[in-house]
Every structure is written in structure tokens, then in C-alpha cells.
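The structure appears below as C-alpha cells.
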Amino acid sequence: MMVAPKEPSAGALYRRALLGALPGLGGRRRGPGLPAVELAARGVTVDRARLADYDRVCGFRLTDRLPATFPHVMGFPLALRLMTAPDFPIPLTGVVHVGNRITVRRPITADEALDFTTYAENLRPHDRGRQVDVVVVGSVDGEEVWCGVSTYLGRERMPGGGEPRDRSGRPEAPAATARWRVEPHVGTQYARVSGDHNPIHTSRLGARLFGFRRPIAHGMWSKARCLAALENRLPDAYTVEVAFKLPVPLPSTVSFALLPDGGFALHDSRGRPHLAGVVR
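Here the UniProt record's numbering is used: the first residue of the sequence shown is 1, the next is one more, and so on.
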């Protein structure tokens with residue numbers, strides 16, 4: 001295990017990754033395996049002003065209890081350091097966040113300092129490239145209180161295929177429980193409070209460089225916004241898992257649906273899915 005001397009700067013790590021993607025400065029094919037390293041950061045404290053801003057951007061009530069998604073942003077710089085290491089198998093530029101699972105063991109309050117560890121596992125082929133899981137574990141006084149697993153897809157041509165893409169017909173969208181207008185500033189505001197400054201979320205030019213006509217909302221903002229709508233229904237300990245489908249362009253109007261089996265979904269105005277999730 002390697003202990004980070006301080007919480008790394010997400011902005012600097014993104015700049016390094018973008019420079020590495022430029023011709024002549026990087027962009028080489030990554031290795032076939034996972035880095036045999038686990039990174040750690042000790043005593044990460046909650047910035048209450050940042051927490052309040054995060055709550056406002058995502059729609060949570062202003063309380064001292066951390067939303068399930070907030071430790072993700074606290075541990076994100078450490079995970080980003082792992083993902084920008086030279087031996088990480090998938091380059092950060094162009095990576096697609098396709099899924100996220102969070103387990104809350106107990107409520108966490110803003111006066112608690114967390115120790116974070118992160119590592120990568122389960123590198124596997126996919127018909128559009130390779131997928132990998134990045135695990136972040138949050139502990140208080142040696143007790144695991146939170147765990148997040150983010151699945152990332154690196155798009156590349158893979159001989160022999162991998163996990164097949166689901167080509168079945170799209171089911172009918174569920175009836176909307178609520179409709180939300182997602183304004184353009186959501187991308188920049190969430191980037192500021194989360195530290196995720198990927199330009200596909202904050203810049204029209206950056207979005208176009210990666211094939212989007214305009215910026216798209218962060219997947220973790222979409223998940224957080226859905227959890228905010230479920231805030232009164234959530235127990236003290238639970239697991240919430242989502243699959244990210246089509247990106248949410250900025251601006252747009254989305255429909256949120258609460259399903260009877262504990263699931264929830266986010267769709268566009270034409271019924272196409274942005275996100276499918278479940279609370280267990």
C-alpha cells in the first residue's frame with residue numbers, strides 16, 4: 001500500500017492526462033494487467049461549505065449527514081491518481097463511466113474524518129474495449145463505513161469480443177414521478193464541488209473533441225439527483241447501484257421515475273434511458 005502524503009489535486013491530474021493524450025507526448029497503448037498497488041489517504045475531513053454547495057447542486061437537504069454520493073467526491077482525487085498512473089490499463093481521456101455501486105454501512109456525519117483506500121480490480125473485455133472496476137473504501141477509526149465501486153469502459157477494438165452489448169428492444173419508459181430541467185450551469189457547478197473537471201462536462205469544445213455536440217452532465221450528478229429525490233425513503237444502511245445509459249446533454253429536460261421494486265430510472269423526453277438504478 002502507498003499512502004498519499006496529501007490529497008492529490010484533481011485538476012493537475014486531469015491536465016497531465018490530457019497532455020499525455022497529445023501526439024508525441026503519450027497516448028501509448030496501456031499494459032494488459034492491473035497495477036499491483038493500493039493507494040491510501042488518511043484523515044480526509046469534510047469541508048462544510050463544499051458540502052453545502054454539493055447539497056444545493058444535487059438537490060439534497062442541507063444537513064450534517066453526508067449524502068451517500070459525497071464520500072465519492074471526497075475519495076475521487078485518490079482514485080484519479082490511481083487512474084492516471086502510467087501502468088493503469090485504460091487511459092483517462094475518453095474513458096466512459098458506465099456504472100457505480102455505493103454501499104453505506106452507517107450514517108456518516110460532517111464532523112468525521114475518513115481514511116480512504118483505492119485499488120483496481122476485475123479488468124475484463126467488452127465488445128467495445130475493456131472494462132475495469134475502481135474501488136474506493138472509506139473508513140472511520142478502522143471501521144469500513146462506505147464503499148464505492150465505479151465501472152469504467154475504455155473504448156478500443158478488441159479481438160474476440162467480450163461482454164456482448166444488449167441489443168434487445170428498449171422497454172417502454174415508466175411513468176414519470178417528476179420532471180427536472182437540467183440547466184447548462186450544472187456541468188460547471190458540479191465540477192467545482194466534485195473536483196471532476198473532465199472537459200466533456202464543462203466545455204462545448206471539450207465535449208466536441210470526444211464526440212458530443214454539447215457538454216453532458218456528470219453521471220454521478222445524475223445519480224446524486226435521483227438519490228436526493230429518494231432522500232426521505234432511504235434507510236441508514238443500504239446499497240444503491242446504477243447503470244449509466246445515454247448521457248444527459250446540457251441543457252435538457254429529464255423524467256425521473258420511481259419503480260415499485262425499489263428501482264428508479266431517468267429518461268429523456270422521448271423515453272430513452274439515461275440511468276437505471278436500484279436501492280437494496
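From the three backbone atoms N, C-alpha and C, an ideal C-beta is built for every residue, glycine too.
query: Runs of alpha helix (DSSP H) lying entirely within the stretch 182–230, each at least 4 residues, in chain order; result: 185–194, 204–209 and 219–229
query: Local conformation of Val242 per DSSP, three classes; result: strand
query: Bridge-paired residues (DSSP) for Ser139; result: Asp115 and Glu144
query: Where Val278 sits in the DSSP three-state scheme; result: strand
query: Residue range of the alpha helix (DSSP H) that includes Phe70; result: Phe70 to Met83
query: Contact check, Val193 vs Glu112, beta carbons under 9 Å; result: no
query: Inter-residue Cα distance where the pair is Glu172 and Ala40; result: 44 Å
query: Alpha-carbon spacing of Gly263 relative to Gly277, whole angstroms; result: 5 Å
query: Ala120 burial status per 10 Å Cβ neighbour count (16 or more: buried); result: buried
query: Buried versus exposed, by CB contacts within 10 Å (16 or more), Arg81; result: buried
query: Test item: CB-CB of Ala110 and Pro35 under 9 Å; result: no
query: Endpoints, beta strand (DSSP E) assigned at Arg101; result: Val96 to Val104
query: Nearest-angstrom beta carbon gap, Ala217 and Val240 [assumed within contact, 8 Å]; result: Contact doesn't hold; Cβ gap of about 18 Å is too wide.
query: Range of the contiguous beta strand (DSSP E) that encloses Leu39; result: Leu39 to Val44
query: Start-to-end residues for the beta strand (DSSP E) that takes in Ala257; result: Ser252 to Leu258
query: For Glu121: DSSP bridge partner residues; result: Asp133
query: Buried or exposed (CB count within 10 angstroms, at least 16 for buried), Ser255; result: buried
query: Touch test, the stretch 61–75 against the stretch 198–209, Cβ-Cβ under 8 Å, three pairs minimum; result: no
query: Residue of Ala49, Met83, Ile102 and Gly99 minimising C-alpha distance to Thr93; result: Met83
query: Boundaries of the alpha helix (DSSP H) in which Leu51 is found, first to last residue; result: Arg48 to Cys58
query: DSSP three-state assignment for Arg233, whether helix, strand or coil; result: helix
query: Span of the beta strand (DSSP E), counted from its first residue to its last, around Phe264; result: Gly263 to His267
query: Cα-Cα separation between Thr118 and Pro215, rounded to whole angstroms; result: 29 Å
query: Status (buried if at least 16 other CB within 10 Å, exposed otherwise) for Leu25; result: In this prediction, Leu25 scores a pLDDT of 43, lower than 50, which makes its location untrustworthy; the coordinate-derived value is nonetheless stated afterwards. Burial call: exposed.
query: Gly161 (DSSP reduced to helix, strand or coil); result: With a pLDDT of 48 at Gly161, under the threshold of 50, the modelled position of this residue cannot be trusted; read the value that follows with caution. Looking at Gly161 - three-state DSSP - the assignment turns out to be coil, as it is neither helix nor strand.
query: Rounded distance between the beta-carbons of Val149 and Asp127, thought under 8 Å; result: Rounded, the Cβ-Cβ distance is 21 Å, inconsistent with contact.
query: Own chain residues within Cβ distance below 7 Å of Ser252, not counting five before or after; result: Val182 and Asp268
query: Buried or exposed (CB count within 10 angstroms, at least 16 for buried), His185; result: exposed
query: Proximity of Ala237 and Arg106 at Cβ, strictly below 9 Å; result: yes
query: When Val136, Asp55 and Pro77 are compared against Asn198, the one with the closest alpha-carbon; result: Pro77
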